[in-house]
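Notes to accompany the following structure.
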Amino acid sequence: MKPVGSPLVADRAVGLVPFVAAEVFGAAEVHAAEVLTRADSAASGAVQLGAAFALWAPLHGHVCFDVTRGADLVDAAVAGPDRDDAADASSLPWPLPSEWLTALRESPLVRCVEQHDVEPVLDERPLVLHGNRLYVQRQWVDECSVAAVLRARAAAAVSAVGPAGRAMLRRFWPDVEDPADAAQRRAADIATSSGFTAVVGGPGSGKTYTVTGILASLIADAADEGRLCSIALAAPTGKAAQRMRDTIAAAVRRGRPEGAVPEDVASVLDRIEPTTLHRLLGPLPAVRTRFRHDGSNPLPHDVVVIDETSMVALPMMARLLEALRPEARLILVGDPDQLESIEAGAVLADVVTASLVPQSPLHGHVARLGRSRRQGRDSPIGPLSDAIREGRADVVLQLLQDSRSEAPTGERLVSFVEAADPLGGAASAAVRSVVGPPFVAARAAAGEGRLRGALYAIGSCRVLCAHRRGRFGAEAWNSEIESWVRAGVPGRRNFAGRALLATRNDLRNGLSNGDSGVMVRTPEGLVAAFDLGGDIKTLAPAQLESVETAFATTVHKSQGSEYDTVVVVLPPPGSPLARRELLYTAVTRTTRRLVIVGTAASVIAAVETPSRRSTGLVVAVGGSDPGTSLLGQLESAVAT
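Basically the numbering used here = 1-based index in the sequence shown + 35.
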């Protein structure tokens with residue numbers, strides 16, 4: 036951050052004006068900050084500004100506001116192609132960090148702490164300052180709660196599985212000379228002897244197969260002791276839950292011919308019905324943020340597995356951990372290199388980072404799997420995604436510019452369409468040559484009433500965008516693709532072959548956020564057909580509540596999905612969404628073919644810009660010194 040060095044602002048209202056003018060704050064933050072600081076009529080402009088930013092932070096994915104990184108955090112949130120007039124955040128009248136921290140420390144509205152609370156502390160002070168990080172009390176309590184439960188679960192003594200469970204593990208991994216199999220077996224050993232485990236890795240690295248082996252071992256161990264093992268499987272979205280069910284069923288089938296999964300264990304696994312995290316906890320209609328299962332009414336399960344944990348926000352993780360029985364095993368599964376949750380926090384990435392510290396209670400509780408099985412062994416997509424994850428922009432650009440790898444049919448598996456305007460003639464034509472045929476085939480199948488044919492074709496490819504609006508966004512691409520599919524003939528919004536995506540849970544119609552479908556013409560008229568784990572559900576268009584056209588969609592909404600062919604429309608270099616995690620997530624959605632549309636500069640900007648969410652969870656569970664604040668460092672320097 037480049038502080039301007041302005042003195043502390045005495046007038047509270049004046050202190051927020053430049054930030055409102057720069058569109059950093061909206062009415063919500065300004066009003067809430069006023070309410071938050073109303074108890075102290077003498078609160079300075081710096082305290083008012085701090086309160087506004089503490090409220091602003093969760094709205095932009097941060098758990099807290101780092102006073103020493105203010106301009107950087109704001110630049111990442113407000114700069115971009117849609118904000119050509121956005122002010123450079125460093126030019127705003129920031130207080131000097133040392134003076135700002137002094138004002139916050141002296142305010143009666145702020146509770147200053149040196150370490151995370153073991154038990155929740157709720158008092159009349161709405162703000163909490165830990166080092167350089169300023170929290171709203173609610174976010175602080177959630178972070179403390181998550182950290183305390185994870186530390187306790189990692190440190191708790193849990194009985195390892197007995198002979199029957201160990202025999203089941205040997206069935207799944209009889210020979211661990213292969214490095215990938217050895218990593219999976221190590222993950223299984225951790226999970227079957229611990230109250231907390233995180234199994235992480237890229238798409239297709241064998242996470243779900245590993246979890247299947249773990250569950251089979253726990254089921255066999257419980258049966259040998261004459262008891263049942265109650266298991267809950269959940270994911271943030273219905274689509275992700277459905278994929279978990281499918282992959283576990285595939286893992287069971289994979290093990291059956293060799294005898295890895297006996298009939299009695301397989302039948303237990305087959306009966307487990309994955310669900311969304313919200314449904315698992317039991318939402319209360321009247322209170323959106325509270326659930327039926329909590330500390331006073333815990334979940335009844337012996338084992339709780341959460342897939343796609345990178346999508347789980349801090350508040351939801353806090354509610355889940357509150358609802359676990361003390362003796363239950365918790366297994367988090369996901370890819371920490373993917374996009375974080377849309378809401379505040381980066382829980383899985385923080386857990387993985389903290390586990391790298393030998394002194395952390397989480398050390399030894401995270402198992403990372405390698406070598407993707409999603410693409411073929413010789414696919415260039417694997418090396419490309421590895422280079423993106425590792426931040427090697429030069430390697431990524433070289434791989435894209437070479438793009439020489441050919442499939443046996445002569446089809447190029449990776450293509451880089453260099454274009455500053457993604458909807459320009461050459462770029463648009465290149466994309467149309469890839470996605471046009473399957474989408475047109477879906478329209479033909481839908482027009483003939485072939486439900487499965489239409490669903491298969493529509494689900495085989497997708498255009499993924501960072502933005503929702505503008506020439507780089509999903510809305511513009513949906514309009515473009517629809518004109519191809521309809522051969523330029525406009526018509527009603529609903530038409531045979533229209534790709535659909537459910538955008539929120541719809542309990543009345545049995546749809547979950549992320550379910551995909553297609554409009555199909557039947558003898559009874561147009562219906563919306565959705566593939567729900569192999570079962571096709573049809574609904575009349577009038578029954579649909581929250582769906583959108585989905586030939587193209589945002590990368591965020593594609594998480595938990597995979598497609599045969601993916602086209603990635605990169606945002607321009609100045610976009611705040613040009614980030615490593617976004618590109619990595621988009622690239623790893625494909626099982627076979629990838630097309631990237633953008634410029635060399637946009638590729639470099641994305642690969643070289645990792646996400647930097649402001650949280651304190653790593654410190655809270657890392658077992659390391661939380662560090663001193665900038666003010667403390669300055670005082671120490673003066674003293675010496």
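By construction, the Cβ of each residue, glycine as well, lies at the ideal position given by its N, Cα and C atoms.
What three-state label does DSSP hand residue i in the structure shown?
i: S252; result: helix
i: R385; result: Here residue 385 turns out to be Asp, not Arg, going by the sequence shown. Three-state result, D385: helix.
i: P608; result: coil
i: F100; result: strand
i: V469; result: helix
i: A190; result: helix
i: L404; result: strand
i: I283; result: helix
i: P271; result: coil
i: F60; result: coil
i: A233; result: strand
i: V452; result: strand
i: R325; result: strand
i: T247; result: helix
i: I423; result: helix
i: T311; result: strand
i: V303; result: helix
i: L319; result: strand
i: G447; result: The amino acid at residue 447 is misidentified as Gly; the sequence shows Arg. In the structure shown, R447 sits in a strand (DSSP, three-state: E or B).
i: V603; result: strand
i: V211; result: coil
i: V296; result: coil
How long is the line joining the alpha carbons of residue i and residue j, rounded to whole angstroms?
i: R278; j: Q578; result: 25 Å
i: L15; j: L169; result: Missing from the structure shown is residue 15; the chain here goes from 36 to 675 and no further.
i: A106; j: R206; result: 55 Å
i: T3; j: A276; result: This structure leaves residue 3 out entirely; the chain is present only between 36 and 675.
i: P161; j: L108; result: 22 Å
i: N529; j: V553; result: 10 Å
i: L574; j: R556; result: 12 Å
i: A87; j: F60; result: 8 Å
i: R427; j: G236; result: 19 Å
i: T650; j: I254; result: 37 Å
i: R624; j: E134; result: 47 Å
i: P93; j: C99; result: 7 Å
i: L365; j: A301; result: 21 Å
i: P418; j: A621; result: 15 Å
i: V246; j: V387; result: 18 Å
i: V452; j: L629; result: 11 Å
i: S180; j: R503; result: 34 Å
i: A182; j: L561; result: 51 Å
i: V171; j: E58; result: 21 Å
i: I493; j: L315; result: 30 Å
i: A251; j: I283; result: 11 Å
i: S596; j: S76; result: 51 Å
i: V9; j: F507; result: Any property of residue 9 remains undetermined from this structure, which presents the chain solely from 36 to 675.
i: A124; j: D110; result: 6 Å
i: L280; j: H95; result: Correcting the residue type first, residue 280 is Arg in the shown sequence and not Leu. Distance between the alpha carbons of R280 and H95 is about 32 Å.
i: N540; j: D437; result: 43 Å
Please report the Cβ distance between residue i and residue j, rounded to the nearest whole angstrom; I am assuming they are in contact, meaning their Cβ atoms lie under 8 Å.
i: A616; j: L374; result: The sequence given here places Glu at residue 616; Ala does not occur at that position. Right, their Cβ atoms sit about 5 Å apart.
i: A422; j: L404; result: Actually they do not touch by this definition, with Cβ atoms about 18 Å apart.
i: L612; j: V642; result: That pair is no contact at about 14 Å.
i: A509; j: T588; result: 5 Å
i: S463; j: Y598; result: The Cβ separation is near 20 Å, so there is no contact.
i: C147; j: L131; result: Going by Cβ atoms, the distance from C147 to L131 rounds to 19 Å, so no, they are not a contact pair.
Determine, using beta carbons only, whether residue i comes closer than 8 Å to chain C.
i: R427; result: Included in the structure is just one protein chain, with no chain C present.
Handout entry: Contact between the stretch 212 to 222 and the stretch 379 to 399 (3+ Cβ pairs under 8 Å)
Key = no
Handout entry: Residue ranges of each alpha helix (DSSP H) within the stretch 531 to 601, 4 or longer
Key = Runs of the alpha helix (DSSP H) inside the stretch 531 to 601: 590 to 593.
Practice task
Evaluate contact between the stretch 232 to 244 and the stretch 363 to 371, counting only Cβ atoms and requiring at least three cross-stretch pairs below 8 Å.
Solution key: yes
Handout entry: Uninterrupted alpha helix (DSSP H) stretches inside the stretch 114 to 185 (no shorter than 4 residues)
Key = Taken in chain order, the unbroken stretches of alpha helix (DSSP H) that lie wholly in the stretch 114 to 185 and span 4 residues or more are 132 to 141.
Practice task
Examine the Cβ distances between the stretch 557 to 570 and the stretch 594 to 607 and report whether three or more of them are shorter than 8 Å.
Solution key: no
Exercise for the section: Report the residue ranges of all alpha helix (DSSP H) runs contained in full by the stretch 488 to 522; include only those spanning at least 4 residues, in chain order. Expected result: 509 to 520
Handout entry: Cβ pair count under 8 Å reaching 3, the stretch 507 to 521 against the stretch 473 to 482
Key = yes
Handout entry: Every unbroken alpha helix (DSSP H) within the stretch 610 to 650, with a cutoff of 4 residues, ordered by chain
Key = Whole alpha helix (DSSP H) segments, 4+ residues: 615 to 622 and 635 to 642.
Problem - the stretch 79 to 97 contacting the stretch 141 to 154, beta-carbon criterion three pairs below 8 Å - result: yes
Practice task
Report yes or no: do the stretch 628 to 642 and the stretch 334 to 341 share at least 3 C-beta pairs separated by less than 8 Å?
Solution key: no
Practice task
Count the CB pairs spanning the stretch 148 to 155 and the stretch 175 to 192 that are closer than 8 Å, and state whether there are at least three.
Solution key: yes
Handout entry: Residue ranges of each alpha helix (DSSP H) within the stretch 348 to 393, 4 or longer
Key = Counting only runs of 4 or more, we get 349 to 357 and 382 to 390.
Practice task
Count the CB pairs spanning the stretch 227 to 235 and the stretch 188 to 208 that are closer than 8 Å, and state whether there are at least three.
Solution key: yes
Exercise for the section: Decide yes or no for the touch test of the stretch 263 to 274 against the stretch 336 to 356: beta carbon pairs closer than 8 Å, at least 3 of them. Expected result: yes
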